[in-house]
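These notes are about the structure you will find just below.
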Amino acid sequence: MGTPLNPDDMQSLLTHDRRYQRASAILTDQWQRIIADEDLAYRQQITIDDLQFAKALLASETLTSQFEFDHYAGVQRLRQHYGSQLTSSAQHWLVQKYL
Numbered sequence: 092m093g094t095p096l097n098p099d100d101m102q103s104l105l106t107h108d109r110r111y112q113r114a115s116a117i118l119t120d121q122w123q124r125i126i127a128d129e130d131l132a133y134r135q136q137i138t139i140d141d142l143q144f145a146k147a148l149l150a151s152e153t154l155t156s157q158f159e160f161d162h163y164a165g166v167q168r169l170r171q172h173y174g175s176q177l178t179s180s181a182q183h184w185l186v187q188k189y190l
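Just so we're on the same page, the working numbering is the position in the sequence shown counted from 1, plus 91.
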């Protein structure tokens with residue numbers, strides 16, 4: 092059994108709101124769909140909040156993914172895959188534990 096989601100995350104999961112759609116798109120490699128739906132350029136990039144929720148969804152075993160947050164190689168794979176689609180603060184957040 093995975094780690095329980097906090098109430099805000101559970102609400103997003105149950106309603107499949109925009110926050111959930113963004114996090115699940117990262118994990119399922121469907122980010123291009125998110126970019127197409129966003130009018131504002133700054134919302135087309137992956138933020139720390141998106142990554143934190145995606146990590147929580149993995150930890151709760153709600154979703155599975157080819158990407159992993161638990162080790163350096165997994166984080167690097169995610170960074171290489173999404174590259175400039177990650178904000179600079181999101182890239183830093185991913186590796187801060189390894190610096």
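Glycine included, each C-beta is placed from N, C-alpha and C at the ideal position.
Beta-carbon proximity list for residue i, same chain, < 7 angstroms, skipping 5 on both sides
i	result
Leu154	Ser115, Leu118 and Leu148
Glu129	Gln135
Arg113	Ile125 and Asp141
Contacting residues, own chain, Cβ-Cβ under 6 angstroms from residue i (five flanking each side not counted)
i	result
Met92	none
Leu142	Ala181
Beta-ladder partner(s) of residue i, from DSSP
i	result
Leu177	Ile137
Residue i: first and last residue of the uninterrupted alpha helix (DSSP H) it sits in
i	result
Ala114	Arg109 to Leu118
Gln121	Premise fails: Gln121 is in no alpha helix (DSSP H) and is neither H nor E.
8 angstroms CB neighbourhood of residue i in its chain, flanking five on each side removed
i	result
His172	Asp120 and Phe158
Contact check, residue i vs residue j, beta carbons under 8 angstroms
i	j	result
Asp100	Phe144	yes
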